[in-house]
Every structure is written in C-alpha cells, then in structure tokens.
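As given, the protein sequences belong to chains A and B, one line each in that order. Quick note on UniProt numbering: the first sequence kicks off at 1 and runs consecutively. Quick note on UniProt numbering: the second sequence kicks off at 1 and runs consecutively. Where a beta carbon is used, it is the ideal one built from N, C-alpha and C, also for glycine. To keep things clear, I will list the structure first and then write my remarks on it.
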Amino acid sequence: MSNGGAKAAVASVGAPQPLDWKFSQVFGERTAGEEVQEVDIISAIEFDGTGDHLATGDRGGRVVLFERTDTRDYAGHWRDLEKMDYPMNRHPEFRYKTEFQSHEPEFDYLKSLEIEEKINKIRWCQSANGALFLLSTNDKTIKFWKVQEKKVKKVCDMNVDSSTAMGNGPIVDSSISTSSKQFIGNGGCIRNDFSFPTGGFPSLRLPVVTSLETNLMARCRRIYAHAHDYHINSISNNSDGETFISADDLRINLWNLEISNQSFNIVDVKPANMEDLTEVITSAEFHPKHCNMLAYSSSKGSIRLIDMRQSALCDTHSKLFEEQDDPGTRSFFTEIIASISDIKFAKDGRHILSRDYMTLKLWDINMDSGPVATFQVHEHLRPKLCDLYENDSIFDKFECCLSGDGLRVATGSYSNLFRVFGCSEGSTEATTLEASKNPTRRQGQTSSRPCRSLGSLSGVVRRVKGADNLGVDANGNTSDFTTKLLHLAWHPTENSIACAASNSLYMYYA
Amino acid sequence: MSTVEEPLYPIALLIDELKNDDIQLRLNSIRRLSTIARALGEERTRKELIPFLSENNDDDDEVLLAMAEELGVFIPYVGGVEHARVLLAPLETLCTVEETCVRDKAVKSLCRIGSQMKENDLVDWFVPLVKRLAAGEWFTARVSACGLFHIAYPSAPEMLKTELRSIYSQLCQDDMPMVRRSAASNLGKFAATVENAHLKAEIMQIFNNLTQDDQDSIRLLAVEGFAALGKLLEPQDCVAHIIPVIVNFSQDKSWRVRYMVANQLYELCEAVGPQPTRTVLVPAYVRLLRDNEAEVRIAAAGKVTKFSQILSPELATHHILPCVKELSSDSSQHVRSALASVIMGMAPVLGKDKRVQARGTNINYLLWDWTDRRSFHSVVVVITVVSMFMLDDATIEQLLPIYLSLLKDEFPDVRLNIISKLDQVNQVVGIDLLSQSLLPAIVELAEDRHWRVRLAIIEYIPLLASQLGVGFFDDKLGILCMQWLQDKVYSIRDAAANNLMRLAEEFGRDWAMEHIIPQVLEMANSPHYLYRMTILRSISILAPVMGSEITCSKLLPVVVNASKDRVANIKFNVAKVLQSLVPIVDKSVSIPISNILDHLFQLVRVAEKTIYPCLVELSEDSDVDVRYFANQGLQSINHATMSS
Chain A
1 MSNGGAKAAV
11 ASVGAPQPLD
21 WKFSQVFGER
31 TAGEEVQEVD
41 IISAIEFDGT
51 GDHLATGDRG
61 GRVVLFERTD
71 TRDYAGHWRD
81 LEKMDYPMNR
91 HPEFRYKTEF
101 QSHEPEFDYL
111 KSLEIEEKIN
121 KIRWCQSANG
131 ALFLLSTNDK
141 TIKFWKVQEK
151 KVKKVCDMNV
161 DSSTAMGNGP
171 IVDSSISTSS
181 KQFIGNGGCI
191 RNDFSFPTGG
201 FPSLRLPVVT
211 SLETNLMARC
221 RRIYAHAHDY
231 HINSISNNSD
241 GETFISADDL
251 RINLWNLEIS
261 NQSFNIVDVK
271 PANMEDLTEV
281 ITSAEFHPKH
291 CNMLAYSSSK
301 GSIRLIDMRQ
311 SALCDTHSKL
321 FEEQDDPGTR
331 SFFTEIIASI
341 SDIKFAKDGR
351 HILSRDYMTL
361 KLWDINMDSG
371 PVATFQVHEH
381 LRPKLCDLYE
391 NDSIFDKFEC
401 CLSGDGLRVA
411 TGSYSNLFRV
421 FGCSEGSTEA
431 TTLEASKNPT
441 RRQGQTSSRP
451 CRSLGSLSGV
461 VRRVKGADNL
471 GVDANGNTSD
481 FTTKLLHLAW
491 HPTENSIACA
501 ASNSLYMYYA
Chain B
1 MSTVEEPLYP
11 IALLIDELKN
21 DDIQLRLNSI
31 RRLSTIARAL
41 GEERTRKELI
51 PFLSENNDDD
61 DEVLLAMAEE
71 LGVFIPYVGG
81 VEHARVLLAP
91 LETLCTVEET
101 CVRDKAVKSL
111 CRIGSQMKEN
121 DLVDWFVPLV
131 KRLAAGEWFT
141 ARVSACGLFH
151 IAYPSAPEML
161 KTELRSIYSQ
171 LCQDDMPMVR
181 RSAASNLGKF
191 AATVENAHLK
201 AEIMQIFNNL
211 TQDDQDSIRL
221 LAVEGFAALG
231 KLLEPQDCVA
241 HIIPVIVNFS
251 QDKSWRVRYM
261 VANQLYELCE
271 AVGPQPTRTV
281 LVPAYVRLLR
291 DNEAEVRIAA
301 AGKVTKFSQI
311 LSPELATHHI
321 LPCVKELSSD
331 SSQHVRSALA
341 SVIMGMAPVL
351 GKDKRVQARG
361 TNINYLLWDW
371 TDRRSFHSVV
381 VVITVVSMFM
391 LDDATIEQLL
401 PIYLSLLKDE
411 FPDVRLNIIS
421 KLDQVNQVVG
431 IDLLSQSLLP
441 AIVELAEDRH
451 WRVRLAIIEY
461 IPLLASQLGV
471 GFFDDKLGIL
481 CMQWLQDKVY
491 SIRDAAANNL
501 MRLAEEFGRD
511 WAMEHIIPQV
521 LEMANSPHYL
531 YRMTILRSIS
541 ILAPVMGSEI
551 TCSKLLPVVV
561 NASKDRVANI
571 KFNVAKVLQS
581 LVPIVDKSVS
591 IPISNILDHL
601 FQLVRVAEKT
611 IYPCLVELSE
621 DSDVDVRYFA
631 NQGLQSINHA
641 TMSS
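So this is what it looks like as structure tokens:
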C-alpha cells in the first residue's frame, strides 16, 4: 500500500503530525460468537452541526440518538475549566439518548414492490426550542422528526369527579369521553340563552397539572412521500434552513421542509428511452454555505456542480469534475470501479471529497481539470476485482468523511478497517485502523511487515461465511469481504470518528 | 371534589377536557374557550385561565394553533382593552414554538390585540415583548418579532423608536437565514410606519444590506419590499434610490430574483411615473421578456398587458410588441400559454392600426410553430386569441388551412384541442367553413382506441352542440351519443349519461322527448345488465331536467319495470333511483291553483301507488343489498311525508 497516494512523499515542516487514534467507546458490542441480527446492522451515521448529538439508523428502520456527555458534565463551569488550563485529555463521549422506529416495512400495491424499512440516510436540521429535528429516509419516503423532552403530566382537581360519578377502573376514561362527546356533539348542551353571571360560576375550576418528570418523545412531523420512482440515495439540507433535496437514481427533487405535498424536480437525467441509460445519480449534497449550489455524483465517476440560480431546471451543470482515465488501463471493471459511492463537501465549501471503489479523491471546486489529491484505499484489491465482481462486493458503497478543519479525510474498507489520510499540503499521513477496541492492532500491516497469526484475534473479525470471502493479498493481509465498514462520520469540531461495524458503533478520538 | 350542578355540567366538562388525553376533545375545548371564559368570569379568566393557558405550550400543534387564534379575539373576555395586556403572555410563548403556522397565527393575534391597545399600554407591555422576542435565544422568537414592529413602532417615544429601528436592522443581519427572511418580508410593513426622515437614511440602509445578502431567498423577498417602499417615497426619491436597485435586481444572477422583479415591476412604474419608466424600466422589462429562464419569461409575459396599459400606445408598440411577437413563438409552451392568457387585453392598448400591422409577422411565426406538435396546445390558443383581435379576411385566409390540417392531425390531442377551442375558432373563421372537416374528426375521436380520448370528446359535445346548433346535431351526432351509452368502459357510459342531461338542458325538453328519451328507454331491455344499469343512471340524471310530468308518465314505468329484473344489482339501483325520483314527482311548483288538489292527489297516487309498493316489494327481496337500499328509500319517503 502506498502512503498518501498522489501526495509528495516528502513531508514538509508545516504538515501536522499524524494523529494518534485511540479507542473511545463502543455501543452494541458483540460478544464472541454472537449472531448478528440483520435488522440491527447500522446503515447510516450522522453527527449534528454542533457535534453534541449523533444519530444512527439501522436496517430495521430504527433511529438511535446519542448525546455528548463530556461537555454536559462540566456545564456551568466549562469556561472556568478552560481558564484553568485543564489537562486536555477530554474527548467527545456519548451516551445513549433515545431511539424510535422511523420507518416500517411497506408494500407498494400498485407496483407490487416491497419497500424496505432500512434507513438510507439521516440528516440533522436546525434545532429550535431545545427540540432536535432530523430527516430520515428509506428507499422511498423521507420523514421529518422532532425529538423533544415532554413533561409527563398528571392532571388533577377536575370539576367532574370521575371516580365517584362514574365508577372506577379503566372504564372511567371511556365513559367520560363518550358522555362528553355526546354533549359536544349536540352543540355542547349550552343553550344560546344560557346566561353567565358577571362574576362567573365560582364552583368551576381549572384542572391542575403537575408534572414531575420529563420524557423524551420523538414525533414524526411530516412525511415527504410519493416523489421518487427509484430508490432515494441521499438527502441534504440547504443552508437557507428551509429547503432540502432528495436524490434517487435518476432525479433530484427540491422540497420545502414545511410543505410535504409538493416538491420540485430540479435534476432529471432519465433519458427518453431507458435503453439509452448510461449513468445514474449516486449521491447529492448541498453546498454548506451557498444556498444555490449543489453537487451530485454519478456512476461514471463524475461530479457535477449545479447553480440553482441559473435556471429552474438544472439539467445542465455549471461545472463538471471528472478524471480522464488512462486508456491503457481500461478493463471490464473500469466503469464499475469508477462509480462514486459518496460525496461530501468540506466545511469551508471549497473542497469536495468523493469515494469510488478504489480511491478517495479530493476536488477543489475552482479546479475542474482533476482532483487535487487521490488517496489509494483499495489498490491492493485490484488483482482480485474478478472475485469481487463475482461476489458482488465490487458494488459496495463506502461512505467518506472530512474532519471539521478539513485537514484529514477518512473512509471505510473491508475487514472492519477504515483509513484516515492527511490531505493538507505535504502531509503523508495515512493510518489504517480497525473498528475494534484496539484500533491500531493492524497498523503493522500497512507497512510490509508480515501479519501476525489470525488465530490470536478475538471474535471481532467474523468468518462465518467461510474462507471464500477471505482474500489474502500479496502482503499476507486478509480481507474479509463480509465485514465491511461502509458508514462512518467525523465529528464536526473535534478529531473524533464514529464508525459502524455491522451492528456495533465504534468511536475513536485523537 | 364537589359535584357540579346540572346546568353547569357541560361547561365543567369542557374545562376538564382542556387536559384530556384525546386531542379532539382538547381541540374542542380550546375552540370554545370564550364559553369557558364567560363561565369563569372576567377576573378569574385573567387570573387563572390565561396563566393556565400560558403553561399549556407543549401541546400538539393543532391545539396551539387553535389557541393562538382564539386568543386574538379574547379581549372582551378578559375585561376589555384595559386588560388586554394579560393576553400578551400566552401569545408570547406561542411566538416561540417551532411550528411556523402556530407562530404566524400568534403574531397575527398579537398584532390584532396590539392595534386595539392603548398607547401607554403598548409602550409598557407590547414594546418590551417585541424586544424580548427580538433578543430570543432561539431563532423562532426572532422570526416572530419581525412581524410585530409595525404595531409597536408608531406609539413608541422617540428614544424607543431609535432603539426599535436599530433592533430591526440587527434582525436583518441575523445569523439565521430564517430570521433575515422574516425581517425582509416584514420590512415593507414596518417601513410604512417609519417617519419619512428615517426612511431615506436608515431604512434604505437596511434595504441595501438585504439586497446584498448571499441567500437568494432573502434577496427575492427584498424585491417585494422594494416595490412597497417605492410607493412610500416621493417619486424623485424613488427614482434616485429604488430604481437603480430594481434595475440591478432585474439582472440578478438568480432567476428567482428576476422572476420576482418581473412580477413586481409594473407596480413600480405606477409609483415613479412615465418619464423614468420610459428611460429605465422599459429596457429592464424588455430584458426580462427576453430572459434566459423560461420561468422569468412566464412571469413577464403574464404582466404584458398591465405593463402596456401604463405605457403610451407609442411605447408599447415600439418596445413591447416586438417582444410579444418573439414570445408567441417561444420554445416553452408555458410562456406561450401565459402570453395567450393575457394577450387579448393588448388589442385595445395598441389600437386598430397596430393590430393589422402586427398580424403578418405573428401569423408567420405561428405557421412555423404549429408543426411542432409538442406545443400544439398553446399554438391553438395563441392562434385563435391573436387572430381574434386581428379579424379580417386575410387572417381567415391564412388561418383556415391551419385549422383544417390540425383537424386531420395524426395526434388525437391536437384534434381535441381545436375542438375544445371551437367557440373561439368559430368567432374567427366561422363554423360553416369548418364543419365539413369537423364531423370526420369528431367521429374518429368518438371511436378512438383510448378511452380517455373518447371521454375528452364527450365532454366537448355540449360545447359542440351549442356552437353547431340542433340541425347539425340531429343528423350526425345523435347516434354517437347513444353509442357511448353502450361503451365498454364505465367512465364513458357514465359521461354519456351526463352528456345526455346537458344536451337536454341545451336543447330543451321537447327536443329531448323526441331525440333522447325514446332511444334511451328502448335500451332498457338490453340483454346486458351493465347497459341496463347505465339506462337507470341516465334516467335518474335526466329526470330533474325533464320535470315531474314526463318523469311520471315516461320514466317511472320503466324504472318500476326494472324492479322485476333478475339481477340484484339492477334491483338495488332501482331502489336508489326511486328514492331520487321522489322529490321530483313531488315538485308541485308550476301547477295552477285550480289544479292543485288534483295534482296533489295525483302525486300521492304516484308516490303511493307506484313508488311505495315497488319499494315495499324490493324490501322483501332475497338479496340483502336490495333490501337495504329499499328500506333506505322507504325511510326517506316516510321522512318526506312526515315533514310535509
């Protein structure tokens, strides 16, 4: 494996030191030999804008929320601590906050199509009034969720004493509501000539509400449905705070968060004749600052930048980023491995990170001649593309992420490994980590030292599907194609990465 | 706990249900908040109910929305205007919730209350509220604050006014785009309350900041505000300050901003008067008419008449007309549609000479265009509409061939569109010239393979009937109308029945007696039960048009006869039809007084002797559905006789 890909191998003095990654936390760790339930496998990870919350979605349609604890514990004297130059060994720590069932399996009767409940993407929205808001989507339907602490109410001091008047037990509620419905239904039984004394009726009183504890409640506020003929692959919020896009294989739709019954189609790449189809949309994201700009990637390895100001229908791009492949190296797999599985804007909005099967590429939106940096992730798999095609692994969609400061990028790989690269000028940083409690255990393998016996590994690396899926590369590195680390996210302000290994959520810090 | 006296029980329940678990009940209680307030009395409403509501801010949105609305009209229940301030607290909390519609309603209610409050109360209570919201931690509060300044400002003393203006300008620079949007969209209202001296300085500055916002959504709201501001300023100030910005906006990078300008521009022309309009705004408008983005051209084209009305005919002819010609052959059919929908108004603006002059070019464009079938619809619209104000022989000469060939177009939609515009076409070229080609087109469409096409042509039949007249209709189309009653597709049969009714309306009862009723009744013996059902349906629709006499003498016997059908579906449909016929045979309006007894007797006879026994018989049928509908019919007859 080459370190730092296209980067110059000479480390300049200004380049930041490689990070020393340490294990922080794991949620849902598997015990040795435990069988993973399909529904528990994590399918989406997303930090919110402040980094105080983390959401994961799984194949069972659930969304699990985590909240940061390390800042909260010191709440109040957080500033004092900073003044005291408190030893900086703090790192983001999270705890389970709540979870809710976001999507259920459905059946589209018109198209005889099963709609999986699997959460494809989660995006956080602007929080307000102490409530958290997020969008979650499966293949077809996007939902807008509000998660809020609700007071558990206890109402007493009623006018109509239900326990004495109407008997007791669970019948009470129903009898009250039916009798009252009767009254209301008949116009409330209050006659028009009913006279109200000026002082009112002193015998009437308002119910007293006592609330002792609070309870986290997730409520679905809006459902944005029936706008996609194909599977939704991404959703992205606009910086204007009122709109978002959803993208499927052929179209991108623009929504207003408040309006769930209409959306505008802004990109449509569907050819008049489906036989002419050569390229599909694989991912789309809004620019983090400019509300009029968005980028989408395609299965042919290109990224298109769109300016929504130019026209209402954005079928023509304003910029196109793609790398001309070397005609000499073309093969059957060239097009398949060129397909971009994920794009992310850097926080500054200047750079776009893209992931294809073999590499991570960093693009400068002011330079459309080619990527500013390319990081080899799967180069060692090139001889095995045939096998990967046979077992469909070649179509795995790995996500990528950038650090908040834009100095590093990360992406996942097989055998529950993920790689972090330094992308600042002159950096040669390239670290391979394993999603386990000992992330650096495998680091030796990135250099060409022979690997230690696998027999000493704990049960983390699963080999249930048999040896077929275990490829051994030239260095003796093994790649377990059933354990792939597809989803990961970088904390927006700190060097902390959350990544999903099957059903477990691992967190690391540096 | 006390038991409540009987008369108070409903109110007591209403109060309890403010906290019921069932949202419907809570909503119900909130909607009757005024009743609760009256029962509690003014003082307890102020001291107990309002604080109680203030705490009720984590309820469901529907409940909060209802609460925000009710509180807006609550002044009488808290003891009049002098106590109005107690209402501010609950509305203030509602101004901070995250659901936009609740906030909007709360702001509206606050404005309503504020506009009734006494001046010193406003200063003491309303202004501080606005300031609190404007400094709110969450953006929701700040969004709401923007909508309250125009109420708070006028009564504030000078010092406070200065402060309010500076707070507003801060809101216009808020970090949150939502807040800036709210500030931008409310700025027009606020500016209307600000003194002229400050308008030019401070308010203009705020506006200028907004015009440079990164977010399109904010700049386009600023456009709206600008038009409003333009009307507030003296014309010369408007020319100096507003016009340059608007002209800038008309060249904005974002089409949405230009779209707003296209919509607003004519209002500014009204504000600044003819001179600057000619020199600056006309070129801007012409640019918009030729914009790259179709949406902008649509907006601009939609205003072409209004804009031209402001201009002199000279200017309109010189500048606008050439654009209109271009637009009539626009590549986007939506643009052409927008143009077509307003272009009629251009004729009086331009005067007769110009119309003739305009003709030649337009027609040529259109001749070229109609071959493009994707845009046929608008072309037809444009041709007919344009030619309507250019009526002369030459027009007809040029148009007739187009119409004729369109009527023979291979696409059914094209033919349909010509037929759908027949009334307009008729005015232009006259029906006689077309009728030869019309009939084959209609017949072909009537038998089209696609039922939607057939449905479309059926819907135009009444229009055709009115344009072509009875003569033409009897010979050629009558047969078609009957054919449709036996179509394979239900929607067509249903539409055919409706069509008969509309024809009967169009041509009158006598005609219908001769040309519709016999043919329809004949089909009542069709071997296919679905067709028999269609006949029942036709009868029930035709009966109201035909009146009681014909119904009794001609239609009713057929229906009664059908009650002996062997198919249950027919029988329960008979029950339904009979039920619908009762009020028609009951109609005794146009009967002369002398005959009224006779008539009543006859009616009773009809209902009693014919309908009632028939239903009774059906109500004993072996089929459960037939019995059900028969009983329903009997009930409705009993109900009707009881009420009379």
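DSSP places G57 of chain A in the strand class (E or B) of the three-state scheme.
If you draw a straight line from the Cα of L71 of chain B to the Cα of D121 of chain B, it comes to about 18 Å. Taking each of A:C401, A:G406, A:F133 and A:D405 in turn and checking the Cα distance to G412 of chain A, the smallest one comes out for A:C401.
What M178 of chain B touches in chain A, judged by beta-carbon distance under 7 Å, is G241 and E242, going in chain order. Unbroken beta strand (DSSP E) runs of no fewer than 3 residues, entirely contained in the segment 85-148 of chain B, are not found. For A262 of chain B, the enclosing alpha helix (DSSP H) covers residues W255 to V272. The DSSP-derived three-state label of D276 of chain A is helix. Per DSSP, D510 of chain B is one residue of the alpha helix (DSSP H) stretching across R509 to H515.
Going by DSSP, R297 of chain B is part of the alpha helix (DSSP H) stretching over A294 to G302. Annotation: T317 of chain B is outside any beta strand (DSSP E) and is labelled neither H nor E by DSSP. In the structure shown, Q483 of chain B adopts helical secondary structure according to DSSP, grouped into three states.
Not flagged as an interface residue toward chain B: P383 of chain A, since no C-beta distance is shorter than 7 Å. At a cut-off of 7 Å, the C-beta of F190 of chain B has no neighbouring C-beta in chain A. By the criterion of a C-beta distance shorter than 7 Å, N265 of chain A is surrounded in its chain by R251 and N253, once the five residues flanking it on both sides are discounted.
At a Cβ-Cβ threshold of 7 Å, A218 of chain A and V147 of chain A count as neighbours. E67 of chain A sits in a strand when the DSSP states are folded into three classes.
The Cβ atoms of H491 of chain A and P18 of chain A lie no closer than 7 Å to each other. Nearest to K118 of chain A by C-alpha distance, out of A:G130, A:K111, A:L313 and A:G57, is A:G57. Contact between the segment 168-181 of chain B and the segment 136-152 of chain B is present: three or more C-beta pairs spanning the two stretches fall below 8 Å.
Put simply, the backbone Cα of A66 of chain B is about 26 Å away from that of T198 of chain A. In the three-state reduction of the DSSP assignment, F629 of chain B falls in the helix class. At least one CB atom of chain A sits nearer than 7 Å to the CB of F52 of chain B. At a C-beta separation below 8 Å, R350 of chain A has no neighbours in chain B, since its nearest C-beta there lies roughly 15 Å away.
Excluding its 5 nearest sequence neighbours in each direction, V107 of chain B has C-beta neighbours in its own chain below 8 Å: C95, S144, G147 and L148, listed in chain order. Between the segment 39-47 of chain B and the segment 229-242 of chain A there are fewer than three C-beta pairs closer than 8 Å, too few to call the two in contact.
Annotation for S283 of chain A: N233, S234, A247, Y296, S297, I340, S341, D342 and I343 place their beta carbon closer than 8 Å to its own, counting only its chain and skipping 5 residues before and after. For the options B:N56, B:E62 and B:F207, the alpha carbon positioned closest to that of K153 of chain A is the one of B:N56.
The beta strand (DSSP E) runs lying completely inside the segment 221-285 of chain A and spanning 3 residues or more are 234-237, 243-247, 251-256 and 259-268, given in chain order. Setting aside the 5 residues that flank it on each side, V64 of chain A is surrounded in the same chain by T56 and E99, each with a C-beta closer than 6 Å to its C-beta; the list follows chain order.
Using a CB distance cut-off of 7 Å, G51 of chain A does not count as an interface residue toward chain B. Taken in chain order, the complete alpha helix (DSSP H) segments of 4 or more residues contained in the segment 161-192 of chain B number zero; there are none. For the segment 268-300 of chain A, the residues whose beta carbon sits under 8 Å from a beta carbon of chain B are, in order, K289, H290, C291 and N292. With a cutoff of 7 Å on beta-carbon distance, I218 of chain B and A184 of chain B are scored as near each other.
Within the segment 96-110 of chain B, contact with chain A at the beta-carbon level (separation under 9 Å) is assigned to T96, V97, E98, E99, T100 and C101. With its beta carbon less than 7 Å from one in chain A, E295 of chain B belongs to the interface. Contact of P207 of chain A with chain B by beta-carbon distance below 8 Å involves I15, D16, L18 and K19.
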